[in-house]
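Asker:
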Amino acid sequence: MEEIKKMDFIVVDDSKLDCFIAEKIIKNTGNCRTVKSFLQASEALNYIRESNEFEPASTIILVDIQMPVMNGFDFIEEFEKFNSDLTDKLNLFIISSSINENDINKAFEYPRVIQFINKPLTSSNLKSLLQNLENKDAN
Amino acid sequence: MEKQNKIKVLYLDDEPNNLICFMASFRFDYTIFIAPNAEKAIEFLQAHPDVSVVLADQRMPGKTGVDFFEEIRELYPSPVRMLITAFSDIEAVIDAVNKGSIFRYIKKPWSDDEIKSAIDEAHKYYISTTMLAAKNVELQAAYEELGKFAYSVAHDLRGPLLSVLGALEIARDINSVDEMREILGMMELSLTKLDDFVQSIHEYYTLKKGLVSSDKIDFATLIHDMTNLYASGSKTNNIRFDLSVSQDGEFTTDLISLKIILSNLITNAVKYQKKNETDKYVAVTVIANSFRAEIEVADNGIGIREEYIDRIFDIFYRATSEQTGSGFGLYNVKDALRKISGDIVVQSQIGVGSKFKVTIPNMNNGRN
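Going line by line, the protein sequences match chains A and B.
The first sequence begins at 116 in my numbering and counts up one residue at a time.
The second sequence begins at 4 in my numbering and counts up one residue at a time.
#1: Cβ atoms of B/Ala125 and B/Val56: under 8 Å apart, would you say?
#2: DSSP state of A/Met122, grouped into three classes?
#3: If we call anything under 8 Å between Cβ atoms a contact, is B/Gly128 one with B/Phe106?
#4: If you draw a straight line from the C-alpha of B/Tyr79 to the C-alpha of A/Ser130, how long is it?
#5: Could you please tell me which residues of the stretch 121–134 of chain A, in chain order, have their CB closer than 7 Å to any CB of chain B?
#6: Tell me whether B/Ala277 sits in a helix, a strand or coil according to DSSP, three-state version.
#7: To the nearest angstrom, how far is it from the Cα of B/Leu225 to the Cα of B/Asp251?
#8: Output, in sequence order along the chain, the residues in the stretch 140–169 of chain B whose CB is closer than 7 Å to any CB in chain A.
#9: Closest Cβ-Cβ distance between A/Ser212 and chain B: below 8 Å?
#10: With distances taken from CA atoms, which of A/Asn215, A/Lys121, A/Phe188, A/Met182 is nearest A/Ser173?
#11: Is there at least one Cβ from chain A nearer than 8 Å to B/Glu172's Cβ?
#12: When you compare only the Cα positions, how much space is there between B/Tyr334 and B/Phe319?
#13: Cα separation between B/Leu22 and B/Leu142?
#14: Give the list of continuous alpha helix (DSSP H) stretches no shorter than 4 residues that lie fully inside the stretch 52–109 of chain B.
#15: Would you say B/Ser55 reaches chain A, if we count a Cβ-Cβ gap shorter than 8 Å as a contact?
#16: Could you tell me the alpha carbon to alpha carbon distance between B/Leu160 and B/Ser216, rounded to whole angstroms?
#17: Mind checking if A/Gln181 is an interface residue toward chain B, Cβ cutoff 8 Å exclusive?
#18: A/Asp123: which of A/Ala156, A/Lys221, A/Ser166, A/Glu158 sits nearest, CA to CA?
#19: In this structure, how does DSSP classify B/Gly213 when only helix, strand and coil are distinguished?
#20: Cβ-heavy atom distance between A/Glu168 and the ligand SAH below 7 Å?
#21: Are the Cβ atoms of A/Ile191 and A/Phe208 separated by less than 8 Å?
#22: Just tell me which of A/Leu241, A/Phe188, A/Asn206 has its CA closest to the CA of A/Asn217.
#23: Using the C-alpha atoms, what's the distance from B/Ala121 back to B/Lys110?
#24: Please list, in chain order, the chain B residues whose beta carbon lies closer than 7 Å to that of A/Ile140.
#25: Are the beta-carbon atoms belonging to A/Arg164 and A/Glu195 less than 8 Å from one another?
#26: For the alpha helix (DSSP H) holding A/Leu132, just list the boundary residues, first then last.
#27: With 8 Å set as the bound, which would you pick, yes or no: does the beta-carbon of B/Met63 sit closer than that to a beta-carbon of chain A?
#28: Leaving aside the five residues before and after B/Asp60 along the sequence, list all residues of the same chain whose C-beta is less than 6 Å from its C-beta, in chain order.
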């Protein structure tokens with residue numbers, strides 16, 4: 116059995132229940148060191164900007180698309196403006212209930228977006244997300 | 004009044020006699036504009052965009068009638084074009100008809116009856132094509148709204164359902180009763196949001212199709228009933244309701260629209276309160292007389308950022324992530340106000356509170 120790498124998670128979703136679900140599922144994986152949720156995208160951006168504790172390749176950000184005031188795409192656009200020293204350490208995923216093709220296609224236009232995950236977050240799609248990430252790092 | 008309904012006809016001819024003769028024959032049937040040259044004709048078209056029929060002589064010095072039509076076709080496409088011509092110009096006419104630049108041609112010398120029936124028919128054609136164009140614009144707008152609508156509905160209906168499904172999934176592994184209660188509370192919130200949304204869609208369609216009815220309004224009872232709905236909820240949230248209603252005489256408006264306006268404004272005032280405010284209040288003031296009702300819904304809640312105020316009435320726009328909103332409520336308010344010719348003014352300051360002032364005309368209009 117290989118040693119499981121512990122990750123830090125950041126969840127950005129305006130639904131309290133969805134944040135709660137994500138936290139639960141994440142904590143249950145056994146891969147989680149910390150998990151922080153933000154109901155507002157702007158607060159998550161501030162946190163990322165001000166925090167300098169990120170370790171290389173150990174942070175996962177899950178961001179919802181449809182949020183009021185600042186939506187997921189606005190968030191990603193701001194995120195991609197950050198210094199690449201910072202963003203290289205962070206793995207960005209979209210988690211959404213959207214089944215709209217435009218949303219899904221648009222998500223992949225952002226170079227920093229690794230994967231589009233459908234809501235609700237379950238332990239099996241979280242596992243595949245982590246698997247995905249491991250493969251990506253291995254390459 | 005009758006003059007306005009007359010068909011507007013423009014006639015271009017370089018022969019002054021023809022112009023005078025035309026004017027004399029048809030001035031009682033139509034509103035006639037006569038132009039001795041193309042420049043003058045274009046001036047008329049510019050000044051009177053509702054000219055529906057344009058007649059032009061083919062043989063004119065400098066520019067032929069067909070040339071003139073080709074020229075105005077781009078800029079003034081809607082008036083129906085008819086050429087007046089002698090038999091010898093028939094080649095030019097055929098060409099013009101085939102290129103679609105004229106509706107029909109009238110042979111010289113013309114008879115009054117011939118001209119009249121041609122103008123009437125051309126006008127009919129004009130009405131049907133312009134109506135079609137207007138309908139197309141309407142249809143395009145409706146289609147775009149439907150697209151936007153379908154997108155938002157898919158998200159707003161699916162979102163809360165998926166949340167509840169996700170919660171059920173994790174609830175399987177939870178043993179603590181307290182934690183279970185917490186999840187149930189959040190599930191309830193999600194489903195309430197879904198229900199609110201479905202109700203808003205219902206309001207939206209009620210407003211879109213429904214006719215305006217004239218109902219007698221008793222503001223005191225109405226406001227009392229509407230705020231009572233929130234009384235149980237507001238007790239738990241400690242919200243104080245200040246109600247003041249003064250109604251002078253009978254007031255008539257569409258009850259359904261009025262209810263939609265009031266319920267959305269009051270719900271918002273209750274919903275967007277500051278969490279740690281000790282004296283939360285919602286103040287509803289109504290002053291109604293034989294001319295109009297002035298309704299004010301004020302609160303000391305979270306307020307609206309100045310830069311968002313212009314957009315709060317847009318469909319699906321949400322200015323805050325505090326609380327659950329569908330982005331429908333104030334759009335429906337605006338739509339309802341449009342229906343009963345009302346008006347709304349917003350004053351708000353972030354962190355201080357919001358005040359919505361609604362003015363609704365009394366359908367009795369001063370008669371009491």
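Glycine included, every Cβ here is placed at the ideal spot set by N, Cα and C.
Treat the numbers as computed from the prediction; the structure is a model and nothing was measured.
Answerer: Reading it off the structure:
#1: Your numbering for residue 56 of chain B matches position 53 in the second sequence. Your numbering for residue 125 of chain B matches position 122 in the second sequence. For B/Val56 and B/Ala125, yes; Cβs fall inside 8 Å.
#2: As a position in the first sequence, residue 122 of chain A is number 7, starting the count at 1. Correct three-state label for A/Met122: strand.
#3: One-based indexing of the second sequence puts residue 128 of chain B at position 125. One-based indexing of the second sequence puts residue 106 of chain B at position 103. Here residue 128 of chain B turns out to be Tyr, not Gly, going by the sequence shown. Taking 8 Å as the Cβ cut-off, B/Tyr128 and B/Phe106 qualify as a contacting pair.
#4: Position 76 of the second sequence, counting from 1, holds the residue named residue 79 of chain B. Position 15 of the first sequence, counting from 1, holds the residue named residue 130 of chain A. Going from the Cα of B/Tyr79 to the Cα of A/Ser130 covers about 54 Å.
#5: Per Cβ criterion, the list reads Asp129, Ser130, Lys131, Leu132, Asp133.
#6: In the second sequence, residue 277 of chain B corresponds to position 274, counting from 1. Sequence inspection shows Lys at residue 277 of chain B; the Ala mentioned does not correspond to that position. Residue state for B/Lys277 is assigned as coil, using DSSP reduced to three classes.
#7: In the second sequence, the residue the question calls residue 225 of chain B occupies position 222. In the second sequence, the residue the question calls residue 251 of chain B occupies position 248. Those two C-alpha atoms are separated by around 15 Å.
#8: Tyr154, Ala157, His158, Arg161, Gly162, Leu165, Ser166, Leu168, Gly169
#9: Walking along the first sequence from the start, residue 212 of chain A turns up at place 97. Cβ-Cβ to chain B under 8 Å: yes for A/Ser212.
#10: Reading the first sequence from its first residue, position 58 is the one you call residue 173 of chain A. Cα-wise, what sits closest to A/Ser173 is A/Lys121.
#11: Along the second sequence, read from residue 1 onward, the residue named residue 172 of chain B stands at position 169. Interface residue, yes.
#12: In the second sequence, counting from the first residue as 1, residue 334 of chain B sits at position 331. In the second sequence, counting from the first residue as 1, residue 319 of chain B sits at position 316. One C-alpha to the other measures close to 8 Å.
#13: Residue 22 of chain B sits at position 19 when you count from the first residue of the second sequence. Residue 142 of chain B sits at position 139 when you count from the first residue of the second sequence. Taking the straight line from one Cα to the other gives about 42 Å.
#14: For the stretch 52–109 of chain B, whole alpha helix (DSSP H) runs of length 4 or above, ordered along the chain, are 68–78, 93–101.
#15: Position 52 of the second sequence, counted from the first residue, corresponds to residue 55 of chain B. Judged by the 8 Å Cβ criterion, B/Ser55 is not in contact with chain A.
#16: On the second sequence, residue 160 of chain B is found 157 positions in, with the first residue counted as 1. On the second sequence, residue 216 of chain B is found 213 positions in, with the first residue counted as 1. Each residue's alpha carbon lies about 31 Å from the other.
#17: The residue labelled residue 181 of chain A in the question sits at position 66 within the first sequence. Yes, A/Gln181 counts as interfacial toward chain B.
#18: In the first sequence, the residue the question calls residue 123 of chain A occupies position 8. Nearest of A/Ala156, A/Lys221, A/Ser166, A/Glu158 to A/Asp123, Cα basis: A/Ser166.
#19: As a working mapping, residue 213 of chain B is identified with position 210 in the second sequence. Three-state DSSP puts B/Gly213 in coil, outside helix and strand.
#20: Absent from the structure shown: the ligand SAH. Ligands present: none.
#21: Your numbering for residue 191 of chain A matches position 76 in the first sequence. Your numbering for residue 208 of chain A matches position 93 in the first sequence. Taking 8 Å as the Cβ cut-off, A/Ile191 and A/Phe208 do not qualify as a contacting pair.
#22: Position 102 of the first sequence, counting from 1, holds the residue named residue 217 of chain A. Among A/Leu241, A/Phe188, A/Asn206, the Cα nearest to that of A/Asn217 is on A/Phe188.
#23: The residue you call residue 110 of chain B lines up with position 107 of the second sequence. The residue you call residue 121 of chain B lines up with position 118 of the second sequence. Distance from the CA of B/Lys110 to the CA of B/Ala121, rounded to the nearest whole angstrom, comes to 11 Å.
#24: For the purposes of this step, residue 140 of chain A is taken as residue 25 along the first sequence, with counting starting at 1. Ordered by position in chain B, the residues that pass the 7 Å Cβ test against A/Ile140 are Ile173.
#25: Numbered from its first residue, the first sequence carries residue 164 of chain A at position 49. Numbered from its first residue, the first sequence carries residue 195 of chain A at position 80. No. Outside cutoff.
#26: Translated into the one-based positions of the first sequence, residue 132 of chain A becomes position 17. 131–144 is the extent of the alpha helix (DSSP H) around A/Leu132.
#27: Counting from 1 along the second sequence, the entry for residue 63 of chain B is found at position 60. No, B/Met63 lies away from the interface with chain A (no Cβ there is under 8 Å from its Cβ).
#28: Start at 1 with the first residue of the second sequence, and residue 60 of chain B comes out as number 57. In its chain, beyond the 5 residues on either side, Asp16, Gly68, Ile87 have a beta carbon closer than 6 Å to the beta carbon of B/Asp60.
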